[in-house]
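Engineer: Chains as they are written, first to last, in our numbering: chain A, 36 to 369; chain L, 592 to 917. A virtual CB, placed ideally from N, CA and C, is assigned to each residue, including glycine.
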Ligand SMILES: NC(=O)c1ccc[n+]([C@@H]2O[C@H](COP(=O)([O-])OP(=O)(O)OC[C@H]3O[C@@H](n4cnc5c(N)ncnc54)[C@H](O)[C@@H]3O)[C@@H](O)[C@H]2O)c1
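Dropping the structure here:
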């Protein structure tokens with residue numbers, strides 16, 4: 036039985052903590068958040084302990100095996116290192132860090148301290164993406180040539196509006212489409228060069244939009260779209276091979292359409308959804324727990340997370356310089 | 592009004608011919624084709640005279656021609672038509688080199704004939720609706736665009752560089768670049784592209800362009816021949832427009848029936864308006880009304896300029912700035 040402490044009770048902290056609370060062989064030891072009004076009620080709801088600080092939690096809790104960091108990106112490093120210092124295994128939300136240097140340091144620090152480091156690249160647990168990879172691996176679409184992905188919705192709102200602060204979040208490219216970047220790398224291997232454009236530097240308030248071109252070592256080309264300019268979250272995946280095509284559009288692939296008639300002014304709101312028994316976050320965290328229990332390698336490694344950061348940052352560099360950015364194989368080893 | 596068609600090398604010739612025959616007061620008088628079998632067959636199909644030599648067709652009493660020859664032959668056919676005093680609707684891409692296209696534009700001007708580039712997508716009703724929404728200012732300021740014009744490898748002369756001037760990038764860059772220019776009344780200033788040959792070893796069949804426009808908008812365009820046999824349709828034209836006040840997504844052939852047939856498999860059948868007919872009708876009207884073509888030779892040239900820059904960028908692996916013709 037793993038005892039898990041969750042740091043951060045925002046959007047992701049809530050998802051993670053709720054998942055642990057449902058797992059039979061996991062004890063949700065506590066939740067930390069500097070905002071009492073957020074952390075308190077969540078802890079109460081999940082029947083666990085609430086703490087206002089990391090230090091308070093680690094001194095008061097009798098047993099912690101794993102620390103799960105669900106803090107804004109720029110705080111990941113600080114808390115991952117603290118957790119490693121205590122000899123606890125660490126789960127950290129993606130992106131692993133705001134900079135490559137930080138990401139590298141976090142990985143080597145955890146190695147030094149002999150703790151495992153898992154990074155929440157949850158797309159590897161979304162069944163539609165897992166299935167797509169299976170189909171590619173089974174050669175059903177032949178040799179992949181072109182891939183297209185889309186991810187996004189409205190501009191995120193969060194604590195302190197930290198997403199809006201580029202130096203803290205890395206914006207859309209580091210925060211959001213890193214998911215697709217990791218997925219594409221999982222399917223097709225390393226990326227050779229990146230060219231990208233985004234709203235960055237064009238001064239639009241609370242709108243972000245980015246279009247990336249990735250060229251892979253294996254020759255294939257991918258178009259990665261990220262948006263914080265649309266209403267409503269959606270994702271898209273398309274892979275064209277020399278013998279077939281895979282297409283997925285979350286806007287279209289829904290399995291239940293509920294339309295509740297409004298008593299008052301007529302006209303109900305339709306809420307389409309695509310429910311699963313266990314959400315992908317649960318699957319991801321359960322997998323990490325299993326890797327700790329059985330001391331085995333995760334589906335997504337910390338090195339994978341580093342590479343995803345590296346490619347995202349290369350895209351940001353391309354956006355800033357207007358140049359093609361090569362990813363040098365020699366530097367990709369964390 | 593009397594028209595002729597020079598060459599049925601490009602399959603669009605058939606739908607243009609049909610569109611001509613559907614118009615009142617318009618007569619398709621003759622067809623010339625260097626490929627005699629193809630030309631005779633088309634002439635018989637449409638009940639018109641076949642001319643082995645396009646100069647013979649041009650010396651007939653006709654007002655205009657539609658040029659639907661192989662890309663590299665547009666130049667000689669358009670020049671001959673202009674010199675014979677015939678207006679020209681020329682299939683895209685207008686030409687395969689900038690010098691040739693400049694000459695085409697100039698010679699048409701000098702001879703007082705109209706040169707229209709065949710960009711039928713401008714006559715797609717959903718595309719026109721999109722332009723209207725933008726012009727009404729509903730999207731606010733435009734920030735970015737994302738287009739696709741995918742297709743199926745057409746084979747034949749399209750994959751022979753000496754006849755087509757290029758593969759997917761040449762074939763499928765121009766339509767959507769033209770729409771982007773038209774929507775914003777802006778010019779491309781810089782192009783980057785990745786291109787590749789994945790589906791055959793003949794010619795480039797995949798391309799992904801990134802563009803900067805002179806109004807600060809950036810855009811990408813997927814021009815790949817990446818639709819396979821089992822895909823329910825030939826390809827697509829889509830355009831996403833991101834503005835400060837909203838977004839639009841246009842799927843120009845999204846009006847379709849999904850058909851599942853045991854004999855012909857899964858197929859999407861388009862039932863929206865016929866854009867080729869819109870293009871041909873507009874060309875005829877522009878001659879009748881003696882106005883500037885709605886899509887000029889310069890429009891055709893600028894779209895090809897982007898495709899040529901894309902090839903250069905893909906080869907040198909760095910963005911290419913466009914300098915000519917502001
Ligand atoms: N995997 C995914 O799908 C996914 C989705 C969203 C966010 N994320 C990632 O998860 C991380 C968190 O994002 P979020 O959207 O949950 O942010 P959020 O702002 O909703 O939550 C962050 C929480 O941390 C708390 N906090 C700030 N400083 C703290 C400190 N020193 N100690 C304790 N608590 C502190 C804040 O009060 C807030 O409640 C980010 O790295 C983000 O990129 C991942």
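Within the continuous beta strand (DSSP E) that includes residue 227 of chain A, where are the two ends?
Structural biologist: Sequence index remark: in the first chain, residue 227 of chain A carries index 192 (1-based). Unbroken beta strand (DSSP E) run through residue 227 of chain A: 226-233.
Engineer: Please go through the same chain and pick out, in chain order, the residues whose beta-carbon is closer than 6 Å to the beta-carbon of residue 866 of chain L, but skip the five residues on each side of it.
Structural biologist: Position 275 of the second chain, counted from the start, is the residue given in the question as residue 866 of chain L. These residues qualify, in order along the chain: 711, 714, 715.
Engineer: May I ask whether a heavy atom of ligand 1 can be found less than 8 Å away from the beta carbon of residue 314 of chain A?
Structural biologist: Residue numbering aside, residue 314 of chain A sits at position 279 when the first chain is read from its first letter. Outside the cutoff, so no.
Engineer: Indicate whether at least one CB of chain L lies closer than 9 Å to the CB of residue 277 of chain A.
Structural biologist: By one-based count along the first chain, residue 277 of chain A stands at place 242. Chain L, which has a Cβ nearer than 9 Å to the Cβ of residue 277 of chain A, makes this yes.
Engineer: Anyone know if the C-beta pair for residue 211 of chain A and residue 273 of chain A falls short of 9 Å?
Structural biologist: If you number the first chain from 1, residue 211 of chain A lands on position 176. If you number the first chain from 1, residue 273 of chain A lands on position 238. No, the pair does not count as a contact, with Cβ atoms beyond the cut-off.
Engineer: In the DSSP assignment, what residue or residues form a beta bridge with residue 307 of chain A?
Structural biologist: For the purposes of this step, residue 307 of chain A is taken as residue 272 along the first chain, with counting starting at 1. Partner(s): A:292.
Engineer: Is any beta-carbon of chain A found at less than 9 Å from that of residue 687 of chain L?
Structural biologist: Here residue 687 of chain L is taken as the residue at index 96 of the second chain, counted from 1. No, residue 687 of chain L does not count as interfacial toward chain A.
Engineer: Check whether the Cβ of residue 778 of chain L lies closer than 9 Å to any Cβ atom in chain A.
Structural biologist: Locating residue 778 of chain L in the second chain gives position 187, where the first residue counts as 1. Taking Cβ atoms only, chain A never reaches closer than 9 Å to residue 778 of chain L, which makes this a no.
Engineer: Closer than 8 Å is the cut-off here; do at least three beta carbon pairs connect the region 830-837 of chain L with the region 725-742 of chain L?
Structural biologist: The region 830-837 of chain L is in contact with the region 725-742 of chain L.
Engineer: From this set, A:150, A:157, A:116, A:311, which residue's C-alpha is nearest residue 138 of chain A's C-alpha?
Structural biologist: Reading the first chain from its first residue, position 103 is the one you call residue 138 of chain A. Out of A:150, A:157, A:116, A:311, A:116 has the C-alpha closest to the C-alpha of residue 138 of chain A.
Engineer: If you count every other CB in all the chains shown that lies within 10 Å of the CB of residue 45 of chain A, and 16 or more means buried, which is it?
Structural biologist: Here residue 45 of chain A refers to the residue found at position 10 when the first chain is read from its first residue. Its Cβ being crowded by 16 or more others within 10 Å, residue 45 of chain A is buried.
Engineer: Just checking residue 197 of chain A against ligand 1 - is the residue's beta carbon closer than 8 Å to any of the ligand's heavy atoms?
Structural biologist: In the first chain, residue 197 of chain A corresponds to position 162, counting from 1. Because some heavy atom of ligand 1 lies under 8 Å away, the Cβ of residue 197 of chain A counts as near it: yes.
Engineer: Kindly provide the ranges of any alpha helix (DSSP H) runs that are 4 or more residues long and lie completely inside the region 726-762 of chain L, ordered along the chain.
Structural biologist: For the region 726-762 of chain L, whole alpha helix (DSSP H) runs of length 4 or above, ordered along the chain, are 752-755.
Engineer: Just the C-alpha distance for residue 217 of chain A and residue 881 of chain L, rounded to the nearest angstrom, thanks.
Structural biologist: Taking the first chain and counting its residues from 1, the one referred to as residue 217 of chain A is at position 182. Taking the second chain and counting its residues from 1, the one referred to as residue 881 of chain L is at position 290. Taking the straight line from one Cα to the other gives about 57 Å.
Engineer: For residue 151 of chain A, which three-state DSSP category applies?
Structural biologist: Numbered from 1 along the first chain, position 116 holds the residue referred to as residue 151 of chain A. If DSSP states are grouped into helix, strand and coil, residue 151 of chain A belongs with coil.
Engineer: Just to check, is the beta-carbon of residue 93 of chain A closer than 8 Å to a non-hydrogen atom of ligand 1?
Structural biologist: Counting from one through the first chain, the residue named residue 93 of chain A turns up at place 58. Result no, Cβ not under 8 Å from ligand 1.
Engineer: How would you write the range of the alpha helix (DSSP H) that residue 23 of chain A sits in, first residue to last?
Structural biologist: Here chain A has residues from 36 to 369 only, and residue 23 of chain A is not among them.
Engineer: Measuring CB atoms only, is the region 345-352 of chain A touching the region 320-329 of chain A, in the sense that at least three cross pairs come out at less than 8 Å?
Structural biologist: No contact exists between the region 345-352 of chain A and the region 320-329 of chain A.
Engineer: Enumerate in chain order the residues of its own chain whose CB-to-CB distance from residue 654 of chain L is below 8 Å, with the five nearest sequence positions on each side excluded.
Structural biologist: Locating residue 654 of chain L in the second chain gives position 63, counting from the first residue. Correct list, in chain order: 592, 593, 594, 677, 678, 878.
Engineer: Could you tell me whether the Cβ atoms of residue 756 of chain L and residue 823 of chain L are closer together than 9 Å?
Structural biologist: Translated into positions along the second chain, residue 756 of chain L becomes position 165. Translated into positions along the second chain, residue 823 of chain L becomes position 232. Cβ atoms of residue 756 of chain L and residue 823 of chain L: not closer than 9 Å.
Engineer: Rounded to whole angstroms, what's the CA-CA distance from residue 96 of chain A to residue 76 of chain A? Just pull it up for me.
Structural biologist: Here residue 96 of chain A corresponds to residue number 61 of the first chain, with the count starting at 1. Here residue 76 of chain A corresponds to residue number 41 of the first chain, with the count starting at 1. C-alpha separation (whole angstroms): 19 Å.
Engineer: Under 8 Å: does the beta carbon of residue 67 of chain A sit that close to some heavy atom of ligand 1?
Structural biologist: Along the first chain, read from residue 1 onward, the residue named residue 67 of chain A stands at position 32. It does: the Cβ of residue 67 of chain A is within 8 Å (strictly closer) of some heavy atom of ligand 1.
Engineer: Does the CB of residue 226 of chain A have a neighbour CB from chain L at under 9 Å?
Structural biologist: As a first step, residue 226 of chain A must be located in the first chain, where it is residue number 191. False, the Cβ-Cβ gap to chain L never drops below 9 Å.
Engineer: With burial defined as no fewer than 16 other Cβ atoms inside 10 Å of the residue's Cβ, what is the status of residue 60 of chain A: buried or exposed?
Structural biologist: Counting from 1 along the first chain, the entry for residue 60 of chain A is found at position 25. The residue in question, residue 60 of chain A, is exposed, as its Cβ has fewer than 16 Cβ neighbours within 10 Å.
Engineer: Measuring only the C-alpha atoms, how far is residue 52 of chain A from residue 811 of chain L?
Structural biologist: As a first step, residue 52 of chain A is located in the first chain; it is residue number 17 there, counting from the start. As a first step, residue 811 of chain L is located in the second chain; it is residue number 220 there, counting from the start. Approximately 40 Å between the Cα atoms of the pair.
Engineer: Give me the Cβ distance between residue 740 of chain L and residue 644 of chain L, rounded to the nearest whole Å; I'm assuming they're in contact under 8 Å.
Structural biologist: If you number the second chain from 1, residue 740 of chain L lands on position 149. If you number the second chain from 1, residue 644 of chain L lands on position 53. No, residue 740 of chain L and residue 644 of chain L are not in contact; Cβ-Cβ is about 35 Å, not under 8 Å.
Engineer: Using CA coordinates, which residue listed in L:848, L:864, L:863 is at the minimum distance from residue 857 of chain L?
Structural biologist: Along the second chain, read from residue 1 onward, the residue named residue 857 of chain L stands at position 266. If we check each option's Cα against that of residue 857 of chain L, L:848 comes out closest.
Engineer: DSSP state of residue 660 of chain L, grouped into three classes?
Structural biologist: By one-based count along the second chain, residue 660 of chain L stands at place 69. Note: residue 660 of chain L maps to coil in three-state DSSP.
Engineer: Would residue 121 of chain A count as contacting chain L if we go by Cβ distances under 9 Å?
Structural biologist: Here residue 121 of chain A corresponds to residue number 86 of the first chain, with the count starting at 1. Cβ-Cβ to chain L under 9 Å: no for residue 121 of chain A.
Engineer: Quick one: does residue 799 of chain L have its CB under 9 Å from some CB of chain A?
Structural biologist: As a first step, residue 799 of chain L is located in the second chain; it is residue number 208 there, counting from the start. Yes - at least one Cβ of chain A is within 9 Å of the one on residue 799 of chain L.
Engineer: Which whole-angstrom value is the C-beta distance of residue 353 of chain A and residue 226 of chain A, which I expect to be below 8 Å?
Structural biologist: By 1-based counting over the first chain, the position of residue 353 of chain A is 318. By 1-based counting over the first chain, the position of residue 226 of chain A is 191. About 12 Å; that fails the 8 Å criterion.
Engineer: Quick one: grab the DSSP three-state call for residue 205 of chain A.
Structural biologist: Here residue 205 of chain A corresponds to residue number 170 of the first chain, with the count starting at 1. Of the three classes helix, strand and coil, the one that applies to residue 205 of chain A here is coil, per DSSP.
Engineer: With 16 other CB atoms within 10 Å as the buried threshold, where does residue 668 of chain L fall?
Structural biologist: As a working note, residue 668 of chain L is residue 77 in the second chain. By the neighbour-count rule (16 or more Cβ atoms within 10 Å), residue 668 of chain L is buried.
Engineer: By the 7 Å beta-carbon criterion, what residues does the region 783-808 of chain L contribute toward chain A?
Structural biologist: Flagged, chain order: 783, 785, 787, 789, 790, 797, 799, 801, 807.
Engineer: Give a yes or no on whether 9 Å exceeds the smallest Cβ distance from residue 233 of chain A to chain L.
Structural biologist: Residue mapping note: residue 233 of chain A aligns to position 198 of the first chain, counting from 1. For residue 233 of chain A, the answer is yes, since a Cβ of chain L falls inside 9 Å of its Cβ.
Engineer: So, does the CB of residue 246 of chain A fall closer than 9 Å to a CB anywhere in chain L?
Structural biologist: Here residue 246 of chain A is taken as the residue at index 211 of the first chain, counted from 1. By this cut-off, residue 246 of chain A is an interface position.
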